[in-house]
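Numbering (the numbering used here), first residue to last: 196 to 278.
Ideal placement from N, C-alpha and C gives every residue a C-beta, glycine not left out.
Remember, it's a predicted structure, so these values are computed and weren't measured experimentally.
One structure below.
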């Protein structure tokens with residue numbers, strides 16, 4: 196059984212967040228090229244925001260799907276009682 200897309204998106208967001216935190220905390224432990232580090236951190240931040248947006252959209256679509264299913268079930272019940 197393959198993982199659900201929501202779990203994959205959550206995992207990617209967690210990894211990006213942890214890498215970002217790790218680099219933020221240990222930036223002075225190694226002599227990094229500051230321009231490259233800044234560019235890399237900016238890219239990580241962009242990817243994290245995009246991933247979190249996907250996660251939010253996935254949750255929103257799941258909520259919409261449940262609401263539509265709920266209303267269709269009511270319509271089906273109404274239709275079956277009036278026939």
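Compute the distance between the beta-carbons of residue i and residue j, then report whether it is under 9 Å.
i: residue 250; j: residue 204; result: yes
i: residue 217; j: residue 242; result: no
Might you give, ordered along the chain, the residues of its own chain that have their beta carbon closer than 6 Å to the beta carbon of residue i, omitting 5 neighbours on each side?
i: residue 200; result: none
What number of angstroms, rounded off, separates the C-alpha of residue i from the C-alpha of residue j?
i: residue 225; j: residue 219; result: 12 Å
i: residue 261; j: residue 207; result: 25 Å
i: residue 237; j: residue 202; result: 24 Å
i: residue 269; j: residue 259; result: 15 Å
i: residue 254; j: residue 245; result: 14 Å
i: residue 271; j: residue 263; result: 12 Å
Going by DSSP, what residue range makes up the alpha helix (DSSP H) through residue i?
i: residue 200; result: 200 to 220
i: residue 245; result: 229 to 277
Which residue from the options puts its Cα closest to that of residue i?
i: residue 240; options: 214, 272, 264 and 254; result: 214
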